[in-house]
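Participant:
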Amino acid sequence: MVHGGAGALDNVQNQATAIRYLESLRGILEHGRKIMELGGSALQTVEACASLLEDDPLFNAGCGSVLNENGRVEMDAAIMDGRDLSAGAVAAIENIANPIQLARLVLSESEHVMLIGDGAMKFADHCGMPRTPVSYFLTEERVEQLKQAQRKHKMMLDHDDTEADSEDQKYGTIGAIARDPEGNLAAATSTGGIVNKRMGRVGDSPIVGSGVYADNETCAVSATGYGEDFMRTVIAKTISDFVYMKDLDATQATKAGIDYLARKVRGRGGVIVIDKDGNCSSGLTTKKMIHGWIEHGGQTTVRF
Ligand code: GLY
């Protein structure tokens with residue numbers, strides 16, 4: 029399963045844009061299918077699919093990352109292996125084309141789970157990962173989006189119109205989860221965060237248990253939405269716990285998790301979930317979520 033963000037998604041009302049999103053997801057799912065057919069693991073598959081999502085400027089991750097309050101890109105990413113609960117995460121990093129690949133290196137080449145900011149960049153240098161110039165990330169569209177958000181933020185403060193603001197927000201994030209034929213689960217989530225976020229703000233995406241989780245005994249989860257809501261509800265681990273403690277399948281656990289998110293914090297966003305038996309499910313509290321799946325090796329489905 030993959031997702032490309034949740035929210036009002038008013039920017040995809042246009043049919044041509046909508047088709048571009050869906051075709052991108054379809055191509056990435058097919059790529060994931062090929063990796064698995066060639067014997068790739070769930071972990072390799074989610075890393076490859078998340079990297080492709082980071083490479084597509086349509087999505088808010090990697091080259092398409094949104095800008096923070098200072099007009100800079102600060103990205104977060106995490107990857108988790110359900111075989112042994114090993115995980116790697118990076119937060120508030122800049123100038124890295126594929127943050128998910130750096131997260132994977134944290135998993136495999138360091139003794140830590142998360143590295144942030146300058147320390148993460150130093151680790152990237154140590155691993156020989158090249159620095160990508162700022163121009164790669166700064167698109168005209170993202171600069172304009174930041175200006176709009178900053179204008180609306182002022183209006184929101186003047187009128188305290190939080191509802192209007194929330195509908196306008198773009199909760200973009202990308203995610204990929206997979207189960208391989210050996211029954212191994214893996215999850216990857218990567219994001220530029222939220223438009224106009226404070227410098228140094230870290231969302232749910234790199235937090236194990238919030239924006240990402242995988243455990244072979246339960247399920248794999250990737251979240252997209254307003255990170256603070258997911259961090260406070262530890263939503264990915266909560267969904268895994270529903271599977272573990274109540275023996276729910278993907279559909280039941282997703283519904284229970286989304287109900288909990290909505291009831292406890294009126295959380296805004298969505299999740300994709302694959303359970304230990306390979307069943308796929310998704311749930312959301314926003315109007316839409318761009319996502320797609322291949323269930324039990326069957327047909328490829330993509331939708332909002
Ligand atoms: N879910 C992405 C973020 O809040 O940063």
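Going letter by letter, the sequence shown gives residues 29 to 332 in our numbering.
For each residue, glycine too, the CB sits at the ideal point set by N, CA and C.
This structure is a prediction, so every number in the text was calculated from the model and none was measured.
By a C-beta neighbour count over all protein chains shown, 10 Å radius and 16 as the cutoff for buried, is N224 buried or exposed?
Facilitator: Buried is the call here.
Participant: Taking 8 Å as the CB-CB limit, is E75 close to chain C?
Facilitator: Any reference to chain C falls outside this structure, which holds one protein chain only.
Participant: Tell me the DSSP secondary structure of A3 in three-state form.
Facilitator: Residue 3 lies beyond the residue range present for the chain, which begins at 29 and ends at 332; the question has no answer from this structure.
Participant: Which same chain residues, not among the five before or five after T328, have their C-beta less than 7 Å away from its C-beta?
Facilitator: Here the set comprises R54, L57, E58, G320, I322.
Participant: As an exercise, report each continuous beta strand (DSSP E) stretch of at least 3 residues that is fully enclosed by the region 132-157, in chain order.
Facilitator: You should have 142-144.
Participant: Is I222 near ligand 3, judged by its Cβ being under 7 Å from some heavy atom?
Facilitator: What this structure holds is ligand 1, not ligand 3.
Participant: Between I124 and G145, which are expected to be in contact by the criterion C-beta below 8 Å, what is the C-beta distance as a whole number of angstroms?
Facilitator: Wrong, their Cβ atoms sit about 12 Å apart, outside the cutoff.
Participant: Is it buried or exposed for Y241, if we count other Cβ within 10 angstroms and need 16 for buried?
Facilitator: By the neighbour-count rule (16 or more Cβ atoms within 10 Å), Y241 is buried.
Participant: Give the straight-line distance between the Cα atoms of S233 and S310, rounded to the nearest whole angstrom.
Facilitator: If I take the Cα positions, the gap works out to 17 Å.
Participant: Got a sec, what are the start and stop residues for the alpha helix (DSSP H) D104 sits in?
Facilitator: Run containing D104: none in the alpha helix (DSSP H); it sits in the beta strand (DSSP E), 103-109.
Participant: Would you decide whether P127 is buried or exposed? Buried here means 16 or more other CB atoms lie within 10 Å of its CB.
Facilitator: Label assigned to P127: buried.
Participant: Tell me, please, whether the region 159-174 touches the region 135-144 by the rule of three or more beta-carbon pairs shorter than 8 Å.
Facilitator: Not touching, per the Cβ criterion.
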